[in-house]
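First to last, the protein sequences are chains F and R.
Take the numbering used here: the final residue in the first sequence is number 145, and no numbers are missing along the way.
Take the numbering used here: the final residue in the second sequence is number 145, and no numbers are missing along the way.
Number of protein chains: 2
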Amino acid sequence: MQGTDNIDRAILSILTKEARIPMKSLAGRIGLSRSATTERVTRLEKAGIIRGYRADIGQLDDGQIQAFLLVTLKRTPSIGVLDRLAGFPAVRRVSSVSGQLDLVVEVEVGSINALNELRDEVATLDNVEDLTTSIVLRRDIERV
Amino acid sequence: MQGTDNIDRAILSILTKEARIPMKSLAGRIGLSRSATTERVTRLEKAGIIRGYRADIGQLDDGQIQAFLLVTLKRTPSIGVLDRLAGFPAVRRVSSVSGQLDLVVEVEVGSINALNELRDEVATLDNVEDLTTSIVLRRDIERV
DNA sequence: GGCGCATCCGGCATTATGCCGGTTGTGCCG
DNA sequence: CGGCACAACCGGCATAATGCCGGATGCGCC
């Protein structure tokens, strides 16, 4: 077994845009048999290179808002921390970019509690320098 | 037809975490028949609520870097602009949050050209106020 | 009542998948 | 050199999932 080669990169590139594509079609596009393709994808999944498959949600329901938590950290957070945050039902997306944490949260209007709980959770991180919560109504968001 | 109800929210919640789940399993979890579930998912896709399905890539190859383009815009960009940017092969993710544009790009080490081309493309947007390109090596990123 | 419509269900033909066994190429070592 | 181990590939068959119907049910409305 070796690392990620060009075929794997092609697979990742396609799956990044069409995660629900049948393995047979994926195989056809990259020029391999179905079984070989499935094998590669499985390997990528087990190796943690493919972390999972997510539906890309465009618009939100009117009955919901999106909240953005922008947090400045002293150092890059561990995967464990990010996974814990991502485990919150309200959390849509977590990204971390060199010392900055960016949460995209979906909350029911009227139940800002979920947002506050999450905010508290984030605040307990030992390396938080600054914490900003901005709430943006759906209409202001064209795409997230 | 009506807007997004609780069943749809359940569907979205599951698909957000397991986009490749078979419709049959999804149906079982939300307590509907397979055909009804498929119908709902199809409706969500056509309505643009589900924009697509993406593989969530964890680690990157050692032979690659990630580059982050942080752009400040005068106004929220149109979906067309974002889609055009997302069409670049190197682009992993595009997000836009109330006037701020955030590109996550994957580029081969040594072929910074792809990054520069993208940077130029972004610079042609008519409402760009500020453009910052930061390049972060893989080791600095625990999760994106 | 009777109509239109959204939503649901089950079934059947088609397609995709999981799971094999078998082949090929490559590096290693006696 | 011959043989071995192993990764990576292929095709095939039983099983599972999907696409695509027809038909039931509930609801608002003229």
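Using N, Cα and C, we set each Cβ at its ideal position, and we do this for glycine too.
Cross-chain neighbours of residue i in chain R, by beta carbon under 7 Å
{"i": "R21/F", "result": "A20, R21, Y54"}
Proximal chain F residues relative to residue i, where beta-carbon distance stays under 8 Å
{"i": "T17/R", "result": "R55, A56, I58, R93"}
8 Å Cβ cutoff met for residue i and residue j
{"i": "L27/F", "j": "A56/R", "result": "no"}
{"i": "I51/R", "j": "I58/F", "result": "yes"}
{"i": "E46/F", "j": "Y54/R", "result": "no"}
{"i": "A11/R", "j": "I31/R", "result": "yes"}
{"i": "I15/R", "j": "R41/R", "result": "no"}
Counterpart residues of residue i in DSSP-defined beta bridges
{"i": "R55/R", "result": "R55/F"}
{"i": "E40/F", "result": "Paired residues: none, contrary to the question."}
Proximal residues of chain R, C-beta to C-beta of residue i below 8 Å
{"i": "I51/F", "result": "A56, D57, I58, G59"}
Residue i - containing alpha helix (DSSP H), residue span
{"i": "A48/F", "result": "Premise fails: A48/F is in no alpha helix (DSSP H) and is neither H nor E."}
{"i": "R21/F", "result": "Neither: R21/F is in no alpha helix (DSSP H) and is coded neither H nor E."}
Give me the subset of the stretch 20 to 44 of chain F whose CB atoms are less than 8 Å from a CB atom of chain R, sorted by chain position.
Residues A20, R21.
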